[in-house]
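Letter by letter, the sequence shown follows residues -20 to -1, 1 to 453 of mature numbering (1 follows the signal peptide of the UniProt record, and there is no 0).
Ideal Cβ placement from N, Cα and C applies to all residues, glycine included.
Given the structure is predicted, the values throughout are model-derived calculations rather than measurements.
Notes follow the structure.
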Amino acid sequence: MIVLLVWLFSAAGMATTAYARQSDTLQVLTMHELYRRVLANHPVTAQAALFSEQADQELRMARGRLDPVLSTKYSEKEYGGKEYYSYWDNSLRLPLWFGPELKLGYERNQGQYINPEYTTPADGLSYAGISIPLGQGLLTDERRATIRQAQLLPRMAEADRLKLVNKLLLEVAKDYWDWLYYYNEVQLYREALELANIRAKAVNERARQGDLAAIDTVEARTEALNRQVLLSQALQEYNNSKLRVERHLWGEDNQPLMLPTTAAPSTNGTEIAPLSQEQLQELLAQAKLNHPELIKLDLKGQQLEVERRFAADKLKPKLNLEYNLLQEDFYLNREALQTPYMRENYKLGVSFSQPIFLRQERGKLQLTKLKQQENSLQVTQTTREIENALQTAFNEWVALEEQIAMQEQMVANARTLQQGEQIKFQSGESSLFLINSREQKLLESELKLFNLRTKYAKTKALLYWSAGNMQER
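Laid out in structure tokens, this is it:
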């Protein structure tokens, strides 16, 4: 009778869901705590952080086109005891952002057979001048276009970082909720197995006393073995799901970490949290502004616009004016800054060139415009895909809320039927087979409820991932 009472007490307690079965000795790991650890130490997060630094170095390289250039060149020739020539030329070029280029130089040439135009005074000849583009290169040029495009790279790098982190957090969320599902499944099957073992003992005792047929002991043992198999399968899935969560855990020294044996997932995040259409529209508006895919496409469009302006500028003829003020010696002479001197001591040059057909330039311009059209179409398509992804996740969110509510009612009904079947069995109006069937239906109902809640939590993660920033959850 004592064994029978224990069995009845255990059977009544089986209805308790696995959500309330976390012992005080367990170390509960919440979803947000896992997120925090992943963002702090995961190698993929560190890899994503490198994107910004890489973009900064790309921008530095582009700005290097404006670096001053110092150069010097020396050559001489002597043959048969005669000094043919000796050339020494030094220059400093200073590119300016708005197009012109300043040039400072000093040269000293001597020798018996030097070209007269290269002749300099004994102390050398210094010069200071400017080269100004009046046609192509006046409004934009290659170095300015390159720098403007590179200035957009840090924002593109941030979009790439956010995209990679979002993908990682979505994977983490899916693994975590799978871990919770299999954790609950193991707890449920453990209690079911414990109940089956207690029942088998009670049935054996009643059969020994002649209250039940001997065949009922086979039924009880068979059900216990069946639940043992189910528990073994659930443990395998649980251990694998735990390993999938552990692969996201890293220490500060880039060493992989393991979950303690007493670790358990939290149910925080599986609770019902209704989302209205207004909140969905707000998420959609934020996604259109902050989604990394749209940000990248917008920045790419800005880069293409810079490229288009540069290509259009290439249609202009090359017309460059260069003026250099000459003076004897290396040091600045105040007289050199006076108008009469500047009119009599200078080197002036004008250059002009223009391709006749401009096929290369016109082809480049049209190709850039086609790329702009392609990018614009990609923006339209991506925006539509984001809208559809958000709406799909929202529809699933709402549907799962309804399904969870109905499944909770089904669990309550299955529990009532199982408890009623126990009472009928005690009064001799039922059989052990029917009790096992009722309990199996209850197990299936609870497992389905766990599954729906897991899907609900995953749908939440998918919704925020579709909006473009899971870190704002």
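For residue i, name the three-state secondary structure that DSSP assigns.
i	result
G343	helix
N89	strand
D36	helix
L305	strand
E81	strand
A108	strand
Y311	coil
P134	helix
P240	coil
L412	helix
N449	coil
L74	strand
K435	helix
Which term fits residue i, buried or exposed, when burial requires 16 or more other beta carbons within 10 angstroms of its beta carbon?
i	result
A172	buried
P272	buried
K57	exposed
H12	exposed
V152	buried
K280	buried
M238	exposed
P48	exposed
V225	buried
I178	buried
Y436	buried
P113	buried
M386	exposed
G60	exposed
L76	exposed
For residue i, which residues from the same chain have a beta carbon less than 6 Å from its beta carbon, with the 5 sequence-adjacent residues on both sides left out?
i	result
Y321	E315
Q235	none
E376	T439
Q307	S106, N313 and A316
S51	S71
Q383	L432
N146	W445 and M450
Y161	F430 and T434
Checking the sheet assignment: what are the DSSP bridge partners for residue i?
i	result
R16	In DSSP, R16 forms no bridge with anything.
D69	K53 and E87
P23	Note: P23 sits in no beta bridge, so no partner.
E217	None, per the DSSP bridge assignment.
N300	P113 and S331
K62	Y59
P245	L9
W159	Beta-bridge pairing links W159 to no other residue.
W230	P236
Y326	L305
Kindly give me the distance between the Cβ atoms of residue i and residue j, rounded to whole angstroms, as I take these residues to be in contact under 8 Å.
i	j	result
E82	I110	Before going further, note that residue 82 is Leu rather than Glu in the sequence given. Between I110 and L82 the Cβ distance is about 6 Å, and since that is below 8 Å, they are a contact.
S425	M390	5 Å
A28	L144	4 Å
L305	A108	5 Å
R128	V286	5 Å
A204	A187	A204 to A187, Cβ: 15 Å. No contact.
P297	Q346	Rounded, the Cβ-Cβ distance is 20 Å, inconsistent with contact.
A369	S446	4 Å
L412	D191	So it is not a contact: roughly 12 Å between Cβ atoms.
L423	L168	6 Å
Beta-carbon within less than 7 Å of residue i's beta-carbon, same chain only, minus the 5 sequence neighbours each way: which residues are those?
i	result
Q92	K62, E63 and Y64
E367	L264
L255	F374 and W377
Q283	Q129 and L132
L414	E401
R418	L397, Q398 and E401
L142	P272 and N449
If I measure Cβ to Cβ from residue i and keep anything under 8 Å in the same chain, skipping five residues before and after, which residues do I get?
i	result
R289	L119, T120 and A125
Q7	P240, T242, A243 and A244
Any heavy atom of the ligand SAM within a distance shorter than 6 Å of the CB on residue i?
i	result
K404	Judged by which ligands are present, the structure shown has none, so any question about the ligand SAM falls away.
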